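Encoded as structure tokens, the structure appears first; notes follow it.
2 protein chains.
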Amino acid sequence: MTDTFPSRSNCPINYAVESFGDKWTLLIIRDLMFKAKQSYGDFLTSSEKISTNILADRLKRLEELGIVMKEVNESNRSRVIYSLTQKGLDLLPIMLELTEWSGKYDAQTSASQAFLERIAKDKQRLIREIRATWEYT
Amino acid sequence: MTDTFPSRSNCPINYAVESFGDKWTLLIIRDLMFKAKQSYGDFLTSSEKISTNILADRLKRLEELGIVMKEVNESNRSRVIYSLTQKGLDLLPIMLELTEWSGKYDAQTSASQAFLERIAKDKQRLIREIRATWEYT
DNA sequence: AAATAGTGCTTGCATAAAGCAAGTTCTTGT
DNA sequence: ACAAGAACTTGCTTTATGCAAGCACTATTT
């Protein structure tokens, strides 16, 4: 977690880019955050169709970055459960801003108008509401 | 601008990822938004050291996406000026959220404590203030 | 206990993208 | 006309991604 990777600069935008600036990482975070996906197999079913080697690589990397944690389900040891750490959960405001921007500019967006309006009208409240649903672990 | 690229899904997070989900695009947007850089040569001087072919490719792509626009300075036709469109300027909240998150988790961050506090304390006000500085074109 | 199936990967190979150095074009200034 | 600066472009090497197949471990079924 303490600079596992050499960084090109100490710019905060660069830190974000080096953490999840690729074609797949944010989709995994999305699945964990909004789609209640938690297993390797779950991620494979997402509509963007990530390949298995890339998925394994990104999960490992996210773990090294302290964004995701991995645990074996003790009552069924063939199941591995992935979840977001606090660092990962703190990406929520970014994810909502991304959704708002894409909702505004992508004519084909699948984001519902209702959800986009909740983001636009009272983002802080929405953030609190979503976080409240995370309190029960 | 109207789906120049085939997309893997209509998910808003995926739209964002396909727009700027790579190692360089957000750094160019950062330079345009916060560093007052506007020429090809300006971008080359940033500390992450983008290579010329990638820079040319990303600028072209950003233009196709409607995020950046390109114009030739008529009083010096060897100078090309790049700037953000409204779609690009609308990335400001995302950039601030990225900065906040990185400022929180990157011990080496170059983001100033003062700026991070302005983001944390009153983001909406900060956004309005930054946008006000853009009103004078 | 042996065979079957499910989950979570790993490996090998082909294709695509990124990185690096050098070269080219167009414009301007002398 | 020549030199210099800005904005790319090209060729080549290295790295990352994509795809299909295979493997290990656990659990279930017979």
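In order, the protein sequence lines correspond to chains V and E. Each step along the first sequence adds one to the number in the numbering used here, with nothing skipped, and position 84 is 84. If you want the numbering used here, it's the position in the second sequence, counting the first as 1, plus 1000. Ideal Cβ positions, reconstructed from N, Cα and C, are used throughout, including at glycine. Source: prediction; values computed, not measured.
Which residues share a DSSP beta bridge with residue i?
i, result
"Met-69 (chain V)", "V:Ser-83"
Sort the options by Cα distance to residue i and report the nearest one.
i, options, result
"Thr-133 (chain V)", "V:Gly-66, V:Ser-110 and V:Met-33", "V:Met-33"
"Gly-88 (chain V)", "V:Ala-16, V:Asp-106, V:Ser-9 and V:Ala-114", "V:Ala-16"
"Ala-1111 (chain E)", "V:Cys-11, V:Pro-6 and V:Glu-117", "V:Cys-11"
"Leu-1090 (chain E)", "V:Ile-28, V:Tyr-82, V:Lys-104 and V:Gln-86", "Per the sequence shown, the amino acid found at residue 1090 (chain E) is Asp instead of Leu. Measuring from the Cα of Asp-1090 (chain E), the nearest candidate turns out to be V:Lys-104."
"Glu-63 (chain V)", "V:Asn-76, V:Ser-78, V:Glu-74 and V:Tyr-82", "V:Tyr-82"
"Ser-1078 (chain E)", "E:Gly-1041, E:Ala-1107, E:Arg-1061 and E:Lys-1037", "E:Gly-1041"
Could you tell me whether the Cβ of residue i comes closer than 8 angstroms to any Cβ of chain E?
i, result
"Pro-93 (chain V)", "yes"
"Ile-127 (chain V)", "no"
"Glu-117 (chain V)", "no"
"Asn-10 (chain V)", "yes"
"Glu-48 (chain V)", "yes"
"Gln-38 (chain V)", "no"
"Ile-81 (chain V)", "no"
"Ala-120 (chain V)", "no"
"Val-17 (chain V)", "yes"
"Leu-44 (chain V)", "no"
"Arg-30 (chain V)", "yes"
"Glu-97 (chain V)", "yes"
"Glu-136 (chain V)", "With the sequence shown as reference, residue 136 (chain V) is identified as Tyr, and Glu is not the correct amino acid for it. So no, Tyr-136 (chain V) is outside the interface."
"Lys-104 (chain V)", "yes"
Could you tell me whether the Cβ atoms of residue i and residue j are closer together than 8 angstroms?
i, j, result
"Leu-1092 (chain E)", "Ser-1019 (chain E)", "no"
"Leu-94 (chain V)", "Glu-1071 (chain E)", "Per the sequence presented here, residue 94 (chain V) reads as Ile, with Leu not at that position. It is not a contact, given that the beta carbons lie outside the stated cut-off."
"Ile-13 (chain V)", "Arg-1030 (chain E)", "yes"
"Gly-21 (chain V)", "Leu-1026 (chain E)", "yes"
"Val-1080 (chain E)", "Ser-1039 (chain E)", "yes"
"Leu-1116 (chain E)", "Glu-1100 (chain E)", "yes"
"Glu-135 (chain V)", "Arg-1008 (chain E)", "no"
"Leu-146 (chain V)", "Val-68 (chain V)", "Any property of residue 146 (chain V) remains undetermined from this structure, which presents chain V solely from 1 to 137."
Consider the Cβ of residue i: report whether some Cβ of chain V lies at a distance smaller than 8 angstroms.
i, result
"Gly-1041 (chain E)", "no"
"Gly-1088 (chain E)", "no"
"Gln-1108 (chain E)", "yes"
"Ser-1078 (chain E)", "no"
"Tyr-1101 (chain E)", "The question names Tyr, but residue 1101 (chain E) is Trp in the sequence shown. Chain V, which has a Cβ nearer than 8 angstroms to the Cβ of Trp-1101 (chain E), makes this yes."
"Asp-1022 (chain E)", "yes"
"Leu-1027 (chain E)", "yes"
"Ile-1130 (chain E)", "no"
"Ala-1114 (chain E)", "no"
"Ile-1013 (chain E)", "yes"
"Ala-1111 (chain E)", "yes"
Any heavy atom of the ligand HEM closer than 7 angstroms to the beta-carbon of residue i?
i, result
"Leu-1032 (chain E)", "The ligand HEM is absent from the structure shown, which contains no ligands of any kind."
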